[in-house]
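Last residue of the sequence shown: 1000 in the UniProt record's numbering, with the numbers rising by one and none dropped.
Input: a single structure, listed below in structure tokens.
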Amino acid sequence: MSIVAQLVNNLLVSKKLSGALVEYRAIQPICSALEVASYKTALLGCAKLLKKQPDHATALALKTLALAGPRPVSSAAQQEIVTIVESVKNQASGAGLADPEVLQILAWVMGGLGRGEETLALFAKATEKHPKNETVSIEAFLHYVRVGERRSAQQISMRMQRNFKNEKYTWWSVMATLLQARDVSDPSTDILLALAERQISDHYSQQRKAAGLDVATPNGAPAIEGAAEGGAQSQADAASEKGKGKESAVSADSAPVASGAALEFDSAHEYFLITRFLELRALRHEAKAASATAPANADSVAVSSTSTTSQLVLPSITPSSASLTPRQAFLAHFASKEGDKWCAGGLGLEIWRRETELRFGSIEGGEWVKSWERLSKSLEDGETNWHTMLYLIRCTFAVADRSSKALFGVEEFSAQPSEEGAELISKSRALFRGLADNSPKGKVERGFLLGLLEIARESRRRKWEEADPLLPTLEEYFERFSTKMCCFDDLLPYLQVLNDSERTSLFEKMTTIAEVAGDLSITAVYRVINASKVARFVATVSDAATQLAAAEGFVKRYFQTLPLGKGLPPTDLQPADDFALLAGQAFVAAWQYSRDRSCLERALVVLEYGLQRSKHKYQIRILAINILRLLGASSSAIAHFRILNPKAIQNDTLSHLVLNRAATFAVTQDAAVLEEAVSASKWYKTGEHEAAEMAVRVFSYHNYSKIEEFIVFQDRLTRSLNKYLLQIESMRMRVLRGLLDPALTTEAVGQLTYTVENRTTELFDNRDYKTLPNHQAKNEPSIWEQTQMGPKTQTPWLRAFTAIYSNFLNLKADLVEGTDINASELTPSEAALLKLSSDVRAVFAAALDDSEPEQNALAFFKIQTTLIEQALEDSGRLPWEVLQIAEIALEGYCLLDLAIEQRTIELAETKAQDHAKHSKRLRNFRIAARDLTRTVGARVTAHGKKVAKERPKTVTSVSSLKQFPLLDDDHLLNFSHALVESRRAMAEGLGAAIHRRCIK
């Protein structure tokens, strides 16, 4: 269901349930028209209704929906929508502002027009005019959550807490406050945490009073009943001004703890919320202690001379007259009976407790030892969760190190384990060895031996004596579990820390296992596959011949074991699939050593055959996509990508497979990359809406344990690096195809420039590179690095192309030279294009008799001509490199043409001095650039014709695979034809595009 359909359905249901049947019947035809996108019919219906009732708020809201329907929304329609919203906002009766559904519709329409500030003003006016209307206040709060206005959400929830006396509004307010306090390095977090503390203490103080319990304080003073609304609000306002104020006068670091043991938390969600508050409080205290101005002792309690003492009242804190630091209070919260009760009922809370005790615990407090005892008892009682085993080991080494810092990324170790720690290491080893050898589950449970490996790895990391040597334990694990498909993945962390002699020894043993002769059973296949993966990873030396021999060995194994899956349904994976994947990666490694393109072509033959037999083996398909793009066959890569059929969030995580540097293949319709980019870009709008609605839904359902997860998800999606990379890539493709609207593009470039300049440190890279497992040697580049087109596109690449497009298409903006961008982040052609964007600006500013800037700019096209000639002559260069050089040359010319047109219009409009002469100079400059670009086009066109004749050569390059009967002449001929045709279409299409663009 579309968003518009949801909005009108909500409206109809609301009118029907409220008994407004006359209005329901009046608006039903309009809503029906909107549901089927019949916007003209809807507008006529609205006009008819408004003729009778000009101030009908519902009809006005529906009219805005109808006006906003056609895309893009015209400027006249936008102005009319703004006028309608203002009229609803200023109605004397305020009827529209009292209707949550009307507000929801207006907010969605205004948000779509990018008028978020006006939407906030609309809700502010609604809650001001109807302060006692609970449904309006709820809708305002949820809208603030939806758009990420957490300060406004906090303010409205505090008013709701006062006006409507419902407990849920207390938790809404606390949660909205905590969402603002997640940056514990910000001093204003103190104010927010103090405010949350007052609200929480006030809530539980009232509960204690209702239960007939006293709220005693260590000082004999009465507990704080709650903060005054005005005082609390002023604190919230101050907190929202990040970094502008001093730390809170009410310190959250010095809370005496009241006797709250008689209270209970009502739900796991409530317990979670309080736990999160205590965690942020402890993290903030830790951050202050680590700063230069904070006291050296993390447990010290610093209170401002003007601070007041607040009382923390919680059900989980045992009676105490002493003040606990935030760290101690957090630990006490988990150690309480309430903590035991709720952690026993939820694995997520139990894991949180383990992490908390590990990070905030100490030897003096005894948390690590207590945690070890609790976890060891769980294992003895039959627990087999790997997390339990891992945290038992981490607690062991925290005691041995006298610190847990090494377990959180700080390379800080003790020279020798403490006496108590050495004893715990011995006990942990004995526990895991006993479970591995004597437990009924020992023969099938992998975690026990992995626990011994983890202890050995942590000991080696600290250069301590290994009681259980790593290599023999690793070999023992392999012997016991090598028939499981996950064996290699389990061992990978431990393979990475082996020294050279251990790697050599293990390589020899694994090679012997992998080369076992004769027919194999399915379990034996998995054993050989795991041995092959281990042998490849630990190999210390290699060359092209070794890799080719390994690849052919894997292909032989693939066809030898393929009959084992003969009777499987087509939806199942074949037991032999990993041999095809290993063969593909071995061929790629051979290409890395030899730069012989035939290695990639042979890899592709094997991978595509594997996909015919196992179409759901996505790892094989992803490697095939990468290789096809390297070979310049983008249309075939797109076909494979469409079989993957990414959905929803996969548009963010997987679209990079075919859209990374997609402009290289954008000029031909068959490539379909522009269509894929448009499809993925459109999803972001839907995805961001759905993420916002999920955040709203968890608030509505009071699922406080999930709120922050959805908020983080929403933030990661809204600030996705891939989203902005797609924006640039789509813009590049439109430039190349001549589909660019200069007016819209200037605005888009301006917005993108603002984002890049102000928010690049906040962008999240959500792209998934783990979908293709790496089976190359440890000392070689990963399979992703070997098969990607050029350097990985990251924030510097985004900044570079934003600068390029800003310099060319936004001439009123300041010049961005991009000198701080590392050239290693770009290909040579991309770096040259960045320089061209600066040189062209210099041309525009040059005097009539100054020809040097023009010569500097024209050097770009001469460089591209040289680069493409070198690439065509070098047999080690790949087809995509040739295409990219030509594409960048065309892109540079297209951008230059657009910029000259824009500059010429600007000169004419401003009637600058000698503007006619300057315009003529720019036209001549454009002609010179066009002629040089034609040269590049001629080279790539000739290359395309040469590619068309390469089918026999391709058949010959893969002919060594004919030794396998299933890869016969017909199969190899069909493969070669498809590959060459795709490559030819790309090359000739690009050459034709350059010819068309430069013929003017």
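Ideal Cβ placement from N, Cα and C applies to all residues, glycine included.
Here the structure is a predicted model, which is why all the values come from computation and not from measurement.
{"query": "Three-state secondary structure (DSSP) of residue 303", "result": "Per-residue confidence for residue 303 stands at a pLDDT of 36, beneath the threshold of 50, marking its modelled position as unreliable; no derived number is given."}
{"query": "C-beta neighbour in chain D for residue 30, strict 8 Å", "result": "Given the protein chain composition of this structure (a single chain), no chain D is represented."}
{"query": "Option nearest residue 488 by Cα separation, candidates 533, 512 and 520", "result": "533"}
{"query": "Residue 429 and residue 468 closer than 8 Å at C-beta", "result": "yes"}
{"query": "CB of residue 896 within 8 Å of CB of residue 926, strictly", "result": "yes"}
{"query": "DSSP-derived helix/strand/coil call for residue 323", "result": "strand"}
{"query": "Residue 983 in three-state terms, based on DSSP", "result": "helix"}
{"query": "Through-space distance from residue 576 to residue 567, alpha-carbon basis", "result": "13 Å"}
{"query": "For residue 764, the three-state DSSP class (helix, strand or coil)", "result": "strand"}
{"query": "Nonlocal neighbours in the same chain, by C-beta distance under 7 Å from residue 885, ignoring five residues either side", "result": "829, 864, 867, 868 and 871"}
{"query": "Under the three-state DSSP convention, the category residue 655 falls into", "result": "coil"}
{"query": "Contact under 8 Å by Cβ, residue 680 with residue 655", "result": "yes"}
{"query": "Three or more C-beta pairs below 8 Å linking the region 746 to 764 and the region 777 to 789", "result": "no"}
{"query": "Three-state class that DSSP yields for residue 833 in the structure shown", "result": "helix"}
{"query": "Whole-number beta carbon distance between residue 271 and residue 338, since they are thought to touch under 8 Å", "result": "7 Å"}
{"query": "Three-state secondary structure (DSSP) of residue 439", "result": "coil"}
{"query": "Range covered by the alpha helix (DSSP H) that runs through residue 85", "result": "75 to 89"}
{"query": "Beta-carbon spacing of residue 807, residue 798 below 8 Å", "result": "no"}
{"query": "Residue 754 classed as buried or exposed, judged by whether at least 16 other C-beta atoms fall within 10 angstroms", "result": "exposed"}
{"query": "Unbroken stretches of the alpha helix (DSSP H), 4 residues or longer, contained in the region 413 to 467", "result": "419 to 438 and 447 to 461"}
{"query": "Cβ-Cβ distance between residue 495 and residue 561 below 8 Å", "result": "no"}
{"query": "Beta-carbon contacts of residue 605 that lie in its chain and below 6 Å, excluding the five residues immediately before and after", "result": "958, 961 and 975"}
{"query": "Whole-number beta carbon distance between residue 989 and residue 667, since they are thought to touch under 8 Å", "result": "6 Å"}
{"query": "Residue 936 classed as buried or exposed, judged by whether at least 16 other C-beta atoms fall within 10 angstroms", "result": "buried"}
{"query": "Rounded distance between the beta-carbons of residue 130 and residue 107, thought under 8 Å", "result": "Going by Cβ atoms, the distance from residue 107 to residue 130 rounds to 16 Å, so no, they are not a contact pair."}
{"query": "For residue 769, the first and last residue of its enclosing alpha helix (DSSP H)", "result": "No alpha helix (DSSP H) contains residue 769, which DSSP labels as neither H nor E."}
{"query": "Delimiting residues of the alpha helix (DSSP H) encompassing residue 270", "result": "268 to 290"}
{"query": "Length of the line joining the Cα atoms of residue 1010 and residue 149", "result": "With the chain running from 1 to 1000 in the structure shown, residue 1010 is simply not present."}
{"query": "Separation of residue 636 from residue 625, as counted between CA atoms", "result": "8 Å"}
{"query": "Exposed unless 16 or more other CB atoms sit within 10 angstroms - verdict on residue 1001", "result": "Residue 1001 is absent from the structure shown; the chain starts at 1 and stops at 1000."}
{"query": "Proximity below 8 Å, CB of residue 174 to CB of residue 273", "result": "yes"}
{"query": "Neighbour-count burial assignment, residue 609, 16 or more Cβ in a 10 Å radius", "result": "buried"}
{"query": "Meets three-Cβ-pair contact criterion under 8 Å: the region 545 to 560 and the region 581 to 589", "result": "yes"}
{"query": "Identity of the residue in 559, 993, 888 and 550 nearest residue 738 by Cα", "result": "993"}
{"query": "Residue 359 to residue 286 span [Cα, whole Å]", "result": "11 Å"}
{"query": "Pick from 156, 778, 812 and 29 that is closest to residue 500, judged by C-alpha positions", "result": "778"}
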